[in-house]
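Enquirer: All residue numbers for the sequence shown refer to this note's numbering, where the first residue is 157 and numbers rise by one.
Positions of the beta carbon are idealized from the N, C-alpha and C atoms, including for glycine.
Only a predicted model underlies this, so the values are computations on that prediction, with no experimental measurement involved.
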Amino acid sequence: MSVNCAAIAQTQPDIKSPSAILIDAGTGTILFEKDSHQRLEPASITKIMTLLLAFEALDAGKVKLTDKIKISERAWKTGGSQVFLGPGEEQTLETLLKCITVASANDASVAVAEYIGGSVDGFVKMMNDKAKALGLQDTNFMNPHGLSEPNHFTSAYDIAIMSRELVKHPKFFTWSTVWMDYLEHTDKKRDATMLANTNKLLGKYEGLDGIKTGFHQKAGYCFASTARRGDFRLISVVLNAENSNQRFEETVKLLDYGFGHFNSVMIVKKGSAQKNIPVEKGMVKEVNIIADCDLSILTEKGKESGINTKIEVPDKLFAPLRKGQVVGKLIAEQDGKKIGEVNLVVSEDVKKASMLDMIKRVLERWFSF
């Protein structure tokens with residue numbers, strides 16, 4: 157939903173960086189933007205898409221965190237920020253994802269790309285396919301790590317959308333909040349490599365728990381961040397800042413603006429039961445109807461009151477029913493106007509009762525008198 161920012165426009169942050177954006181993670185509403193569709197090199201912020209694809213592969217059961225990945229010569233030779241993986245070294249997917257998230261490891265990014273995509277080129281195609289699926293019009297990836305390359309670009313807006321998808325994966329935050337760790341190498345004669353987080357706002361800004369920094373000469377200093385207070389999560393992106401301090405200072409300005417002027421009201425949680433509905437000719441007499449996703453409403457501070465909900469579902473359902481089948485919706489209203497809605501779905505499969513089951517049910521009712 158959109159929020160009218162006219163009344164608070166005069167308080168918007170003064171951002172010097174060429175491109176920036178602030179969005180509400182819950183609704184995707186843009187709260188501030190400055191040339192957010194300008195195509196720029198993102199440096200290591202590229203890894204947001206790399207991590208997103210890895211989490212989606214995990215969710216789909218295509219890979220497991222315990223999978224062991226052998227480091228290729230190509231991964232070993234990758235320049236820039238790295239954790240000095242050796243050729244032939246084996247590390248788990250979980251370890252490599254932690255290296256990418258905490259230490260922005262280019263070599264780990266290549267290793268993960270090769271494992272999930274079959275090759276770097278195969279993975280880059282997956283990255284671009286995902287960008288198209290998300291409707292990103294100012295993005296083209298050439299590699300999974302962000303080292304400078306012709307035709308490798310994205311925008312602040314597109315990064316915000318990628319980030320919104322990434323923060324839906326709770327496991328990401330177990331690594332993004334790590335300040336320092338160590339990588340133990342397969343070759344025990346080698347010293348462990350220290351993993352140091354480049355996110356200098358960790359522990360210094362309330363609620364901040366990610367996402368990714370980036371830098372090289374053409375990209376300048378970049379930072380995609382997220383912070384959560386209560387049920388309200390913000391995502392900000394600052395691109396091509398002149399120095400490292402500027403990207404962090406302007407991130408603080410953006411987040412302060414968002415938390416200072418807006419609030420998010422959680423209406424319903426994903427999976428929460430909303431109603432029991434009778435089932436005709438089913439193996440069960442009634443079934444739970446649940447919300448298929450979270451529903452939060454973005455409001456200006458001080459205008460959170462007067463939100464009501466109503467449920468639109470049939471009086472009864474007819475078997476068979478499949479888990480996740482949409483049977484109605486929950487609508488949020490404020491001052492008589494619809495401000496959001498979420499689908500209501502069947503919580504479990506319900507098989508159709510056989511003739512024998514129906515006869516048994518009739519007999520049970522008869523003998524109960």
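Classify tryptophan 331 as buried or exposed, calling it buried when 16 or more other Cβ atoms lie within 10 Å of its own Cβ.
Expert: If you draw a 10 Å sphere on the C-beta of tryptophan 331, you find 16 or more other C-beta atoms in it, and that means buried.
Enquirer: Relative to the alpha-carbon of aspartate 347, which residue among Tyr338, Thr354 and Asn353 has its alpha-carbon at the smallest distance?
Expert: Tyr338
Enquirer: Does the stretch 237-252 come into contact with the stretch 273-288, if we say contact requires no fewer than three beta-carbon pairs (one atom in each stretch) closer than 8 angstroms?
Expert: no
Enquirer: Mind checking arginine 478: buried by the 16 CB within 10 Å criterion, or exposed?
Expert: exposed
Enquirer: Under three-state DSSP, which class holds tyrosine 361?
Expert: coil
Enquirer: Any contact between the stretch 396-406 and the stretch 317-328? By contact I mean 3 or more CB pairs, one from each, below 8 angstroms.
Expert: no
Enquirer: Report yes if the C-beta distance between alanine 213 and isoleucine 256 is below 8 angstroms; otherwise report no.
Expert: Not in contact: alanine 213 and isoleucine 256 (Cβ atoms no closer than 8 angstroms).
Enquirer: Note down the Cα distance separating tryptophan 335 from threonine 202, rounded to an integer number of angstroms.
Expert: 21 angstroms
Enquirer: Which first and last residues belong to the beta strand (DSSP E) in which lysine 203 is found?
Expert: Counting along the chain, lysine 203 falls outside any beta strand (DSSP E), though it belongs to the alpha helix (DSSP H) covering 203-215.
Enquirer: Taking alanine 429 as the reference, give the member of Thr382, Thr354, Ile467 and Phe404 with the closest Cα.
Expert: Ile467
Enquirer: List in chain order: all unbroken alpha helix (DSSP H) runs of 4+ residues lying wholly within the stretch 255-291.
Expert: 262-273 and 276-289
Enquirer: Going along the chain, which residues of its own chain have a beta-carbon closer than 8 angstroms to the beta-carbon of glutamate 250, five neighbours each way excluded?
Expert: Leu221 and Thr222
Enquirer: Over the uninterrupted alpha helix (DSSP H) stretch that includes glutamine 194, give me the two end residues.
Expert: Taken as a continuous stretch (DSSP letters only), glutamine 194 belongs to no alpha helix (DSSP H), as it is neither H nor E.
Enquirer: Per DSSP, arginine 384 forms a beta bridge with which residues?
Expert: Arg389
Enquirer: Measuring straight from C-alpha to C-alpha, what distance separates lysine 254 and glutamate 497?
Expert: Distance between the alpha carbons of lysine 254 and glutamate 497 is about 36 angstroms.
Enquirer: Jot down the residue ranges of each uninterrupted alpha helix (DSSP H) in the stretch 317-358, minimum 4 residues, whole runs only, in chain order.
Expert: Taking only runs of at least 4 residues, the alpha helix (DSSP H) segments lying wholly in the stretch 317-358 are 327-332.
Enquirer: State the beta-bridge partners of lysine 466 as determined by DSSP.
Expert: Ile487
Enquirer: Note down, in chain order, each residue of its chain lying with its Cβ closer than 8 angstroms to the Cβ of lysine 494, except the 5 sequence neighbours on either side.
Expert: Ile487 and Ala488
Enquirer: Excluding five sequence neighbours on each side, which residues of the same chain lie with their C-beta closer than 6 angstroms to the C-beta of isoleucine 395?
Expert: As written in the sequence, residue 395 is leucine, which differs from the isoleucine given in the question. Contacts found: Ser175, Leu196, Ala312 and Cys378.
Enquirer: Name the residue from Thr295, Leu207, Gly492 and Val483 whose alpha carbon lies nearest to the alpha carbon of valine 268.
Expert: Closest option to valine 268, Cα to Cα, is Leu207.
Enquirer: Could you tell me whether the Cβ atoms of alanine 199 and phenylalanine 371 are closer together than 8 angstroms?
Expert: yes
Enquirer: Run through DSSP, which three-state label would alanine 509 get?
Expert: coil
Enquirer: If I'm right that serine 228 touches glutamate 270 with Cβ under 8 angstroms, what's the distance once you round it to whole angstroms?
Expert: Contact between serine 228 and glutamate 270 holds, with the beta-carbon distance rounding to 6 angstroms and staying under 8 angstroms.
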